[in-house]
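Chemist: With this note's numbering, you'll find the sequence shown wraps up at 939, consecutive numbering, no jumps.
Cβ coordinates follow ideal geometry from the N, Cα and C atoms, glycine included.
Nothing here was measured: the structure is a model prediction, and the numbers come from that model.
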Amino acid sequence: MIEYWKSAPYLLNFMKGYVLKKNFEKMMENPTEGSLDALRKYLPCLIAEESIRDFLPLEPGNPRLRRLIDTTVDHGQWKLLWMPPSLPYYKSSEVFSFDESPTKSLVFSAWNVVPDAIASICSYESERRMVRSSNKVVEYSELHRAVRQFLRFPVVDSKPAGMSSLILHYPSPSLAASVDPFQMALDWRKDGLPEAGDVLGLIREKLASVIERLGVYAEDSVRHDLSWHWAVFAKMDMDTGFKEKLFRWCSLKRGGWKEIGTGSGRDGEGFPEHVDLFASAFSSDFTLGSMPADLLEIVSEIVLGSPTICAARALHRIAPSLSWDDPALLSAAATVANGFRSLFNNPDSQLLIRHLHGQDIPLWRATLHYAIDGNLQAVLDEYAHVLKESLGLFDHADSEVVKTVAASMHDSLSLRMSSIAVDQLGINGGKVTKDSFRMRCRFALRFADLVGEKDSDIVRAGTVREAFNSPFRPFVLASTSIGQEGLDFHTYCHEIWHWNFEDGPNPSKVRRVIPMLPFSREQSVLERLKKSLALYRLAFGQPRQEELLEILGGSEPEYENFKISLQP
Numbered sequence: 372m373i374e375y376w377k378s379a380p381y382l383l384n385f386m387k388g389y390v391l392k393k394n395f396e397k398m399m400e401n402p403t404e405g406s407l408d409a410l411r412k413y414l415p416c417l418i419a420e421e422s423i424r425d426f427l428p429l430e431p432g433n434p435r436l437r438r439l440i441d442t443t444v445d446h447g448q449w450k451l452l453w454m455p456p457s458l459p460y461y462k463s464s465e466v467f468s469f470d471e472s473p474t475k476s477l478v479f480s481a482w483n484v485v486p487d488a489i490a491s492i493c494s495y496e497s498e499r500r501m502v503r504s505s506n507k508v509v510e511y512s513e514l515h516r517a518v519r520q521f522l523r524f525p526v527v528d529s530k531p532a533g534m535s536s537l538i539l540h541y542p543s544p545s546l547a548a549s550v551d552p553f554q555m556a557l558d559w560r561k562d563g564l565p566e567a568g569d570v571l572g573l574i575r576e577k578l579a580s581v582i583e584r585l586g587v588y589a590e591d592s593v594r595h596d597l598s599w600h601w602a603v604f605a606k607m608d609m610d611t612g613f614k615e616k617l618f619r620w621c622s623l624k625r626g627g628w629k630e631i632g633t634g635s636g637r638d639g640e641g642f643p644e645h646v647d648l649f650a651s652a653f654s655s656d657f658t659l660g661s662m663p664a665d666l667l668e669i670v671s672e673i674v675l676g677s678p679t680i681c682a683a684r685a686l687h688r689i690a691p692s693l694s695w696d697d698p699a700l701l702s703a704a705a706t707v708a709n710g711f712r713s714l715f716n717n718p719d720s721q722l723l724i725r726h727l728h729g730q731d732i733p734l735w736r737a738t739l740h741y742a743i744d745g746n747l748q749a750v751l752d753e754y755a756h757v758l759k760e761s762l763g764l765f766d767h768a769d770s771e772v773v774k775t776v777a778a779s780m781h782d783s784l785s786l787r788m789s790s791i792a793v794d795q796l797g798i799n800g801g802k803v804t805k806d807s808f809r810m811r812c813r814f815a816l817r818f819a820d821l822v823g824e825k826d827s828d829i830v831r832a833g834t835v836r837e838a839f840n841s842p843f844r845p846f847v848l849a850s851t852s853i854g855q856e857g858l859d860f861h862t863y864c865h866e867i868w869h870w871n872f873e874d875g876p877n878p879s880k881v882r883r884v885i886p887m888l889p890f891s892r893e894q895s896v897l898e899r900l901k902k903s904l905a906l907y908r909l910a911f912g913q914p915r916q917e918e919l920l921e922i923l924g925g926s927e928p929e930y931e932n933f934k935i936s937l938q939p
């Protein structure tokens, strides 16, 4: 029982198939009054659906899990939709700034109950904070119905009414080519990293003359034309000679922008009508009124923070032979945009962004601010570079490279939420009852084939691994020994938690966290593990000197026998 207690909290909630759970259930078929009294006493120590329903705080209930939550959720990772880049192009906001670079966490346990408990409780605590930060009153099971998707394409009275969403999905060649935050960072490197506001200021200076050629700003007394907020991108691409391929790409029913955007499910309904309206702006007959005063500011934010434009730059960087208006590059960038649509349409993502950027601006624009704060261009540049290598695409045509990399990005971004069944015990009329409810998992996942929010949905273990090897969620992956069979989890993870010890070393070059209780028998197991690990590294010529000295016992005479002298 002590090993169970050290491994996971809320055992009767999460145990599946354990002899202990089976014996308990058998005993409760005909419970004695004493066993009922004991169960009544400890029922408040189990997870109750009522508490989850109201997003009440959930005590970790276990020292190991408490420390894991402390170093991940409590450390500020609940505010992140992606890991900060290793090399930012400008200073990140406070949300993405850490004294020590955050990392994903990989947990290995010998107990099958541990991954379910970790995935459920860590994900719940992250989601609870995202929801509560907005002060929105909503029940756990009603979250997806209470917070509607905002990146949609409704058609009202036969007219597209979601053009602000469309501009976040348009990979403007002229804007992607004319502004490169990476080059700006290089130009600024003598003075250190610039502020995001300084970068936006330079972009505004660069684009001001281009936009002024296209029209006239409205005077205070003149009503402006809000269609400029989306039509300006078509006009700018026409002005720089990108019209022909773009118009064809927008007009195709198959193989073009319409098919990519519509293929995203229900949130893609109405997408073709919006693309048709956008394509009409390429015509010289498409006339506009006066420009709104905030046009240059909005365009600058889209240049720096639009997921689609950032994706176009990142993909072009790994496929430089493609022109900026090559249909393969345009379609790949739009595919990545569909993944971000799934990410930002999650209700907890929306509530988080609202909390961080207030109610004074539209949500689509607050999303741009979040992307800018998080150095999204640097994130996607690094991710694209990693994927080209990990997917083995160096000898492939550039058109195939961007298609494959974009598909992998999309799959990681749009990973379905999984859910874990949680048993709930109760007492009714002298009988023990057992019901179940489901807890969503996204911040943390179990490494296995997972059940989605709908029981018919299956999230494959391979897809989970690819998502964990991306900068996006999940940030914690919990596994039994199945996850140790030669699989690489360390693209964005530099922290391994040995939850329970198993025989054999794990020679990964990462920081290892062992939440061991003092005076437990695991102390002796740890010593054996360290010895085998150090000897393994020694055999491969990669010793850690301090561990080798501990094996030798710190004895000076014995140490001298193994010492290699480098004296001349």
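1. Can you confirm whether the region 653 to 661 touches the region 550 to 557 when touching is taken to mean that 3 or more C-beta pairs between the two stretches lie within less than 8 Å?
2. Sort Arg523, Asn384, Leu439 by Cα distance to Ile791 and report the nearest one.
3. Of all Cβ atoms in chain B, is any one closer than 8 Å to the Cβ of Phe890?
4. Taking the C-alpha atoms as reference points, what is the distance between Arg584 and Arg813?
5. How would you call Leu796, buried or exposed, if buried means at least 16 neighbouring beta carbons within 10 angstroms?
6. Applying the criterion that 16 or more other CB atoms from any shown protein chain within 10 Å of the CB defines a buried residue, is Gln894 buried or exposed?
7. Count the other C-beta atoms from every protein chain shown that fall within 10 angstroms of the C-beta of Met372, then say buried if there are 16 or more, exposed otherwise.
8. Do the CB positions of Phe618 and Gly632 come within less than 8 Å of each other?
9. Report the rounded CA-to-CA distance for Glu548 versus Ala703, giving the unit in angstroms.
10. Report back the beta-carbon spacing between Gly533 and Pro525 to the nearest angstrom; my notes put them in contact at under 8 Å.
11. Using a threshold of 8 Å, state whether the C-beta atoms of Leu666 and Leu686 are closer than that.
12. Curious, which full-length alpha helix (DSSP H) runs of at least 4 residues does the region 576 to 629 contain?
13. Which partner residues of Asn799 appear in the DSSP bridge assignment?
14. To the nearest angstrom, how far is the alpha carbon of Thr834 from that of Ser850?
15. How many whole angstroms separate the CB atoms of Pro698 and Trp620, which I take to be in contact at a CB cut-off of 8 Å?
16. Candidates Pro455, Arg500, Pro431, Leu722: which alpha carbon is nearest Val485's?
17. May I have the straight-line CA-CA distance separating Leu734 from Val757, to the nearest angstrom?
18. By the DSSP assignment, the beta strand (DSSP E) with Phe479 in it spans what residues?
19. When the Cβ atoms of the region 564 to 576 are set against those of the region 458 to 470, are three or more pairs found closer than 8 Å?
20. With DSSP as the reference, please indicate the residues paired to Val526 in a beta bridge.
21. Rounded to a whole number of angstroms, what is the C-alpha to C-alpha distance between Gly660 and Val587?
22. What's the call for Ala409, buried or exposed, on a 16-neighbour Cβ count within 10 Å?
23. Val670 and Ile743: beta carbons closer than 8 Å?
24. Look at the alpha carbon of Leu739 and the alpha carbon of Gly676, and state the distance between them as a whole number of angstroms.
25. Go ahead and pull the three-state DSSP assignment for Arg519.
26. Can you list, in chain order, the residues of its chain with a C-beta nearer than 8 Å to that of Phe395? Leave out the 5 residues immediately preceding and following it.
27. Smallest Cα separation from Val884: which of Ser891, Phe890, His865?
28. For Glu837, count neighbouring Cβ atoms within 10 angstroms of its own Cβ and tell me buried if that reaches 16, exposed if not.
29. To the nearest whole angstrom, what separates the beta carbons of Val508 and Pro718, a pair I think is in contact under 8 Å?
30. Given this structure, state the Cα-to-Cα distance separating Leu436 from Ile423, to the nearest angstrom.
Modeler: In this structure, then:
1. no
2. Asn384
3. Of the protein chains in the structure, only one exists, and it is not chain B.
4. 47 Å
5. buried
6. exposed
7. exposed
8. no
9. Reading off the sequence, residue 548 comes out as Ala, not Glu. C-alpha separation (whole angstroms): 16 Å.
10. 5 Å
11. no
12. 599 to 610, 614 to 622
13. Lys802
14. 15 Å
15. 5 Å
16. Pro431
17. 31 Å
18. 475 to 479
19. yes
20. Pro531
21. 8 Å
22. exposed
23. no
24. 5 Å
25. coil
26. Leu383
27. His865
28. buried
29. The Cβ separation is near 14 Å, so there is no contact.
30. 18 Å
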